[in-house]
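These notes concern the structure reproduced below.
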Amino acid sequence: MSKILKLGIPKGSLQESTFKLFKKAGFNLNVSERSYIPSIDDPEIEPIMLRAQEMSRYVADGALDCGITGYDWVVENGSDVVKVEELIYAKQSLNPVRWVLAAPENSKIKNIKDLKGKRIATELVNVTKKYLKKNKVSAEVEFSWGATEVKVATGLVDAIVELTETGRSLKAHNLRQIATIIESTTQLIANKVSYRDNWKKDKMEQIALLLKGAIQAEEKVGLKMNVRKVDLKKVLSVLPSLKNPTISNLAQGAWVAVETVIDERIVRNIIPKLKAAGAEGIIEYSLNKLIY
724 MSKILKLGIP KGSLQESTFK LFKKAGFNLN VSERSYIPSI DDPEIEPIML RAQEMSRYVA
784 DGALDCGITG YDWVVENGSD VVKVEELIYA KQSLNPVRWV LAAPENSKIK NIKDLKGKRI
844 ATELVNVTKK YLKKNKVSAE VEFSWGATEV KVATGLVDAI VELTETGRSL KAHNLRQIAT
904 IIESTTQLIA NKVSYRDNWK KDKMEQIALL LKGAIQAEEK VGLKMNVRKV DLKKVLSVLP
964 SLKNPTISNL AQGAWVAVET VIDERIVRNI IPKLKAAGAE GIIEYSLNKL IY
């Protein structure tokens, strides 16, 4: 009987970026619009979709071997799990995020101490309560099912603790950030018992390696070019590299092939300089995975 790894895939805000990440990592992961059971082209993986908010609970109790969720929800649920890998995805919503305490711009609430006796709405109830206790502030914390920013804007609550990447949404609602409650990244987490199983641990770490490789390839491109040996030093002087470029001799003895990886954001500035330095046949290509 073949072994199976039960893997939790987040449904909701992380879903699209997670599916794209798995595709770049080499996995064909698909799900129908109303389904919670995706298909994957790896017979050793059984994927199940759950909200990120509850993922760590099911990983901790062993219903899942591993899953992808935010560090914030691991802390909120008090889940005793293993962090296999941190997944910071440059172009999608797996970026680092912050849960911030915010109040209206025109409010008298200027700092954490001003929240004494006030009402705060948030999804992150337990973390917020611990933060208030740490700062010796007594306030009422209520769970918010959504539209949290509207509640403080309309006076239903005095302040909120809300998730933000850039803070633009808070500013749009005329809210002032008072403090950062917790910073969070997306993580691949594992059940402690499952992680002690050699086969499951190896499988998780293989997945983690491929996912991390896909992440590391983001915002990078490969460059290939042909260079006369007499121009090589000049080309290398303008060519940034991940480490050192790969240089190979060509059939024509006076030429070499140069290959390297650079940041995508600077490639448009580098290519004209390479051409001016003597590089020819320059090819730019995208990367799926980059394993250091």
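Residues 724 to 1015 in our numbering are what the sequence shown lists, from first letter to last.
Where is the CB? At the ideal position from N, CA and C, for every residue including glycine.
These numbers come from a predicted model, not from an experiment.
The alpha helix (DSSP H) enclosing residue i, as first and last residue numbers
i, result
"Y1008", "First-last for Y1008: 1003–1009, but that is the beta strand (DSSP E), not the alpha helix (DSSP H)."
"D837", "No alpha helix (DSSP H) contains D837, which DSSP labels as neither H nor E."
"W922", "921–940"
"A1000", "987–1000"
"L730", "Run containing L730: none in the alpha helix (DSSP H); it sits in the beta strand (DSSP E), 728–734."
"K956", "955–960"
Start-to-end residues for the beta strand (DSSP E) that takes in residue i
i, result
"Y779", "Note that residue 779 is Ser in the sequence shown here, rather than Tyr. Taken as a continuous stretch (DSSP letters only), S779 belongs to no beta strand (DSSP E), being part of the alpha helix (DSSP H) at 775–783."
"A826", "820–827"
"E1045", "No statement about residue 1045 is possible, as the shown extent of the chain runs from 724 to 1015 and does not include it."
"S971", "969–972"
Distance between beta carbons of residue j and residue i, contact taken as under 8 angstroms
i, j, result
"V860", "K836", "6 angstroms"
"N800", "R780", "5 angstroms"
Proximal residues to residue i (C-beta, below 6 angstroms), its chain only, five neighbours per side dropped
i, result
"L855", "A862"
"E769", "I727, K729"
"Y759", "M772"
"I1014", "G936"
Distance, residue j Cα to residue i Cα
i, j, result
"I970", "V981", "5 angstroms"
"Y918", "N834", "42 angstroms"
"L934", "K996", "33 angstroms"
"K857", "M778", "27 angstroms"
"V953", "N1011", "33 angstroms"
"W796", "A999", "52 angstroms"
"G731", "Q738", "11 angstroms"
"A876", "K839", "19 angstroms"
"T851", "K729", "31 angstroms"
"P766", "I905", "37 angstroms"
"K943", "A937", "10 angstroms"
"Q910", "V884", "22 angstroms"
"T983", "N992", "15 angstroms"
"V916", "I763", "24 angstroms"
"A748", "A940", "10 angstroms"
"Q929", "K923", "10 angstroms"
"F750", "L932", "13 angstroms"
Beta-carbon contacts of residue i that lie in its chain and below 8 angstroms, excluding the five residues immediately before and after
i, result
"E1003", "M948, N949, V950"
"A786", "K729"
"E987", "E942, K943, V944"
Spatial neighbours of residue i in its chain, beta-carbon cut-off 7 angstroms, leaving aside the 5 residues before and after
i, result
"G1001", "V950, R951, D954, K957, V958"
"P761", "I732, L752, N753, V754, P770, M772"
"A882", "L824, A825, A826, I832, L838, K841, I843, V875"
"G890", "Q900"
Residue i: CB within 8 angstroms of a non-hydrogen atom of the ligand MG
i, result
"D803", "Within the structure as shown, the ligand MG is missing, as the structure has no ligands at all."
Can you give, in chain order, each stretch of the beta strand (DSSP E) that sits fully within the region 861–909 and has at least 3 residues?
863–866, 882–887, 898–907
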